[in-house]
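Student:
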Amino acid sequence: MVNTSKHPNINLMTYSEIVEFSGITGNYNVRLKKKPRFIDEDKCTGCGLCTTKCPIKTPNEFDRGIGERGAIYIPFPQAVPKLAVIDRDVCIECKNCMRNCPAEAINLDQEPEFVDIKVGSVIIATGWDEYPIWKTNEYKYGIYPDVITQIELERMLSPIGPTEGHVYKISDGKKPKTVAMIQCVGSRTLRGNRYCSGVCCNVALKNAQLLKQEYPEMEIVIFYIDIRSPDKGNEEYYRKIREANITFIKGKPGDIKLKEDGTMRLFYDNSMLDQVSHLDVDLLVLSTGIIPSKGTSEMVQIMGLERGPANFLTEVHGCLKPQETKDMGIYICGCAAGPKNIPYSVSTALAAASKASTLLSNDTIQQELVIAEVKEDLCMGCHRCEKTCFYEAIKVNANEIATVDELKCKGCGVCVTVCPAKAIDLKYYRDHQLEQEIKGIGMVETIQLESVETKIEK
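The sequence shown lines up with residues 89 to 546 when you count with the numbering used here.
1. Under 9 Å, do I154 and I270 count as touching if we go by C-beta distance?
2. Would you call C407 buried or exposed, if buried means 16 or more other Cβ atoms sit within 10 Å of its Cβ?
3. Taking the alpha helix (DSSP H) that A437 belongs to, which residues open and close that run?
4. Taking the continuous alpha helix (DSSP H) assigned at N290, which residues delimit it?
5. Please check the pair N322 and K206, which I expect to be a contact at CB under 8 Å, by giving their CB distance rounded to whole angstroms.
6. Taking the runs of the alpha helix (DSSP H) that are 4 residues or longer, which of them lie wholly in the region 174–198?
7. Could you say which of D197, E201, C138, T277 lies nearest to L171 if we only look at CA atoms?
8. Which two residues bound the contiguous beta strand (DSSP E) that contains L354?
9. Could you pull the DSSP bridge partners for P220 from this structure?
10. Among V255, D175, R327, C182, which residue has its Cα nearest to the Cα of Y303?
11. Tell me the residue span of the alpha helix (DSSP H) that contains N322.
12. M306 to K223, Cα distance in whole Å?
13. R157 bridges to which residues according to DSSP?
14. If you run the structure through DSSP and keep just helix, strand and coil, what is M269?
15. Would you mind giving the Cβ-Cβ distance between I160 and I174, rounded to the nearest angstrom? I have them listed as a contact below 8 Å.
16. Using three-state DSSP, classify Y283 as helix, strand or coil.
17. Can you check DSSP and say which residues form a bridge with V309?
18. Does the distance from the CB of E218 to the CB of T237 come in under 9 Å?
19. Assign S365 to buried or exposed, taking buried as 16 or more other Cβ atoms, counted over all protein chains shown, within 10 Å of its Cβ.
20. Check D519 in the structure and name its three-state DSSP category.
21. DSSP has E105 in a bridge; who is on the other side?
22. When the Cα atoms are used, what is the spatial distance from V373 to A268?
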């Protein structure tokens, strides 16, 4: 990220969002909203002194609420650029930060700033959000304090996390003796998401290994439906974890009860032994799934992109054009298009960047000749073509005449089939042309049949 911020050809606009989008391929108009940080970006050195003087304490979003932050804070240790930001929702305007800032960078009067830019291509890399288990309270999450998610466990395991790498029970601060992990929470289920999130199994394996390395005496149990680790080296890694005195139980737990001694009793169905059993655990870790991010949903509304059944962005063709959208010049990558691990996300990002650079390296755009054309004298403005066009290439104007955006039209021909007035044709595939082609094919077959010589063997 540091290299990106220092690249001479990259203008990094953080803490900003797209609010308006228009234009055509190679000439898009984008309006950005730069949200106020309430600090002068040119003056702030990221020293962090202001964060130590703030009297306010509120849950830290980056640490998933396990740690705390002030009203003025640096979002996370590796933030680029390393600038403080003030949360005005919790700020009491005591101005301690202003009095103690050696660079005099605090500016509580900042307002949102709108910036208009022109771009030739757009790459959507809006990432993912965690399955909102706090809304469903599955496995008593949000009710029992010692039920956490894998992301919360990772923040505990991090040396720069809120617990400096030590894992403890949220309820009493004691070290857990038995830790259970439940896979596919919010994934591969009719009540949540039907798809597999793809990364949860390997995340659980990694965190189980880290726990075992830090606490060799700790009992770790992983409940799973299937362990899915198909990528390079992952199967070998899975076998290594199985041999590290970590228990794997094939089955999905059901109910969970809090006992008087503070432990939790987890009831589960062991599908391998075909029996119902229970396990007492100190800490329960849920492997929650991946869902489309808030930013992905916003891009759908602002840029008119299409979403699939799981609400991720839809590509033109999953095999042949996995980074291209219906709008030439707009590309998708990473988890914006579906759940992916880091290597897969990087490869799709490289592919999208390659597509964008190829498009912009040319002075002209090669356009398919076979596109729809409208016979204005026949068009009656029924809007059927406009409603059925997947690429949004047809619009009905003020005169109730359909018009075709030649850059967006892909020549699929759907509009031709729905037009009741036969006012739309495909160039070079007009009805009379197709009729002549059919007649020509029939004539060739007739000539070939008449020229066949039959030879009888005696």
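Every residue gets a Cβ at the ideal spot worked out from N, C-alpha and C, and that includes glycine.
Tutor: On the basis of the coordinates in this document:
1. Position 66 of the sequence shown holds residue 154. Position 182 of the sequence shown holds residue 270. The answer is no: Cβ separation not under 9 Å.
2. In the sequence shown, counting from the first residue as 1, residue 407 sits at position 319. Taking every protein chain shown into account, the CB of C407 has fewer than 16 other CB atoms within 10 angstroms, so this residue is exposed.
3. The residue you call residue 437 lines up with position 349 of the sequence shown. Segment 430–448, the alpha helix (DSSP H) holding A437.
4. Indexing the sequence shown from 1 puts residue 290 at position 202. Here the alpha helix (DSSP H) through N290 covers 288–302.
5. Taking the first residue of the sequence shown as position 1, residue 322 is located at position 234. Taking the first residue of the sequence shown as position 1, residue 206 is located at position 118. So it is not a contact: roughly 43 Å between Cβ atoms.
6. 184–188
7. Within the sequence shown, numbered from 1, the residue matching residue 171 stands at position 83. Looking from the CA of L171, the closest CA among D197, E201, C138, T277 belongs to C138.
8. In the sequence shown, residue 354 corresponds to position 266, counting from 1. Segment 352–358, the beta strand (DSSP E) holding L354.
9. To locate residue 220, count along the sequence shown from 1; it is residue 132. Beta-bridge annotation (DSSP): P220 is not paired with any residue.
10. On the sequence shown, residue 303 is found 215 positions in, with the first residue counted as 1. The residue with the shortest Cα to Cα distance from Y303 is V255.
11. By one-based count along the sequence shown, residue 322 stands at place 234. Looking at the DSSP string, the run of the alpha helix (DSSP H) that includes N322 is 322–330.
12. Here the question's residue 306 lines up with position 218 in the sequence shown. Here the question's residue 223 lines up with position 135 in the sequence shown. If I take the Cα positions, the gap works out to 31 Å.
13. For this step, residue 157 is matched to residue 69 along the sequence shown. DSSP output for R157 lists T146 as bridge partner(s).
14. Within the sequence shown, numbered from 1, the residue matching residue 269 stands at position 181. Note: M269 maps to strand in three-state DSSP.
15. Locating residue 160 in the sequence shown gives position 72, counting from the first residue. Locating residue 174 in the sequence shown gives position 86, counting from the first residue. Sure, about 5 Å apart at Cβ, within 8 Å.
16. Residue numbering aside, residue 283 sits at position 195 when the sequence shown is read from its first letter. Coil.
17. Walking along the sequence shown from the start, residue 309 turns up at place 221. A268, T335, per the DSSP bridge assignment.
18. Along the sequence shown, one-based indexing puts residue 218 at 130. Along the sequence shown, one-based indexing puts residue 237 at 149. Contact: yes.
19. In the sequence shown, residue 365 corresponds to position 277, counting from 1. When all chains shown are included, S365 counts as exposed.
20. On the sequence shown, position 431 is the one that residue 519 refers to. Of the three classes helix, strand and coil, the one that applies to D519 here is helix, per DSSP.
21. Position 17 of the sequence shown holds residue 105. According to DSSP, E105 bridges with K121.
22. Start at 1 with the first residue of the sequence shown, and residue 373 comes out as number 285. Start at 1 with the first residue of the sequence shown, and residue 268 comes out as number 180. Taking the straight line from one Cα to the other gives about 6 Å.
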